[in-house]
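Colleague: If you scroll down you'll find the structure; I have some questions about it.
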Amino acid sequence: MRRADRLFRIVQYLRRRHIVTAHQLAELTEVSERTIYRDVQDLMASGVPVESEAGVGYRLRGYDLPPLMFDREEIEAVVLGARMVERWTDPELAAAARRAMAKVEAVLPEGMDGLMEETALFAPEGFRQPHTTIDFALLRRAIREKRRIRFAYQDAAGNPTCRTVRPLALAFFGSVWNLVTWCELRDDFRAFRPDRMSDLEPFEEVFPEEPGKMLKDFTRLYEKRTARVTGPDGKSCSEESS
1 MRRADRLFRI VQYLRRRHIV TAHQLAELTE VSERTIYRDV QDLMASGVPV ESEAGVGYRL
61 RGYDLPPLMF DREEIEAVVL GARMVERWTD PELAAAARRA MAKVEAVLPE GMDGLMEETA
121 LFAPEGFRQP HTTIDFALLR RAIREKRRIR FAYQDAAGNP TCRTVRPLAL AFFGSVWNLV
181 TWCELRDDFR AFRPDRMSDL EPFEEVFPEE PGKMLKDFTR LYEKRTARVT GPDGKSCSEE
241 SS
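With the working numbering applied, the sequence shown corresponds to residues 1 to 242, in that order.
Have a look at this one:
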């Protein structure tokens, strides 16, 4: 968790409770009590009115964050999007969606704070993606940090291959995920289904952003090839067979 996010969570937790101990805050943010002591001191130094009483805990006096202003449709969009992420992604991203929902709900103005719970838009609980053996969080991190990856792959016919690629994006097409990549073997854009991948291994080095091999280049090509939009088998941008 970034320190800025941790400080925000501490303030929000203090807002909702009369007295909070350093131990409670440490458990909430998954850091040591010593880190909490430093964080609270920094909050106080920045003007947040946190009161400390030895042997009792912390309380927040006369402080509030400005409310976030959303209309009903914006709240519905936030809730539905977060619920889809929670149901259809990996546990790490699902937990992040729940935290984001809690942050938004905590700072809604009075009179709107019940709208998120009342929003009757849901992602189906019974939805099941094809079984995957790779770590989605590791895959997302490789995309974010621009690190090449190597993995074993089987196409729909069961043909095996091993690929080294530059991961560019994950795209969800209603029933399956597709990993958009620049494939070093084919020297071209290729998509691979994570449920057909195994033995995922990220590299340490960061790959460069080279013209013609970036996500924006793929997007331009994809828009030109509208006749090759994803089919019912989940294929996209020439899913590989070998």
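By construction, the Cβ of each residue, glycine as well, lies at the ideal position given by its N, Cα and C atoms. Please read all numbers here as calculations on a predicted model, not as lab measurements.
Out of Met101, Arg9, Asp71, point me to the one whose CA is closest to methionine 84's CA.
Modeller: Met101
Colleague: Classify leucine 221 as helix, strand or coil using the three-state DSSP reduction.
Modeller: The answer is helix: DSSP assigns leucine 221 an H, G or I state.
Colleague: On the three-state DSSP scale, how would you describe threonine 119?
Modeller: coil
Colleague: Taking 8 Å as the cut-off, decide whether the C-beta atoms of phenylalanine 136 and aspartate 90 are in contact.
Modeller: One thing to note: phenylalanine 136 has its Cβ within 8 Å of the Cβ of aspartate 90.
Colleague: Would you list the residues sitting across from aspartate 188 in a DSSP beta bridge?
Modeller: Cys183
Colleague: The alpha helix (DSSP H) that contains leucine 28, what's its start and end?
Modeller: 22-29
Colleague: Residue ranges of each beta strand (DSSP E) run of no fewer than 3 residues wholly in the region 30-109, ordered along the chain?
Modeller: 50-53, 57-60
Colleague: Between the beta-carbon of proline 202 and the beta-carbon of arginine 140, is there less than 8 Å?
Modeller: no
Colleague: Residues in the same chain with beta-carbon distance under 7 Å from leucine 28, minus the five sequence neighbours each way, listed in chain order, please.
Modeller: Arg9, Tyr13
Colleague: I need the DSSP call for aspartate 199, collapsed to helix, strand or coil.
Modeller: In the structure shown, aspartate 199 sits in a strand (DSSP, three-state: E or B).
Colleague: Taking the DSSP output, what are the residues bridged to arginine 166?
Modeller: Trp182
Colleague: Got a sec, what are the start and stop residues for the beta strand (DSSP E) isoleucine 10 sits in?
Modeller: Here isoleucine 10 belongs to no beta strand (DSSP E); instead the alpha helix (DSSP H) covers 3-16.
Colleague: Please report how far the alpha carbon of glutamate 51 lies from the alpha carbon of arginine 61, in whole angstroms.
Modeller: 7 Å
Colleague: Closer than 8 Å by C-beta to alanine 22: which residues in its own chain qualify, once you throw out the five before and the five after it? Chain order, please.
Modeller: Glu33, Ile36, Tyr37, Val40, Gly57, Tyr58
Colleague: Under 8 Å, do threonine 119 and serine 198 count as touching if we go by C-beta distance?
Modeller: Taking 8 Å as the cut-off, the Cβ atoms of threonine 119 and serine 198 do not count as close.
Colleague: Where does glutamate 210 sit, in a helix, a strand or coil, going by DSSP?
Modeller: coil
Colleague: Does DSSP put isoleucine 149 in a helix, a strand or coil?
Modeller: strand
Colleague: Check alanine 171 in the structure and name its three-state DSSP category.
Modeller: strand
Colleague: May I ask you to report which of helix, strand or coil DSSP gives proline 124?
Modeller: In the structure shown, proline 124 sits in coil (DSSP, three-state: anything other than H, G, I, E or B).
Colleague: Assess contact between the region 187-197 and the region 150-165, defined as three or more Cβ pairs (one per stretch) separated by less than 8 Å. Is contact present?
Modeller: The region 187-197, when compared against the region 150-165, does touch it at the 8 Å Cβ threshold.
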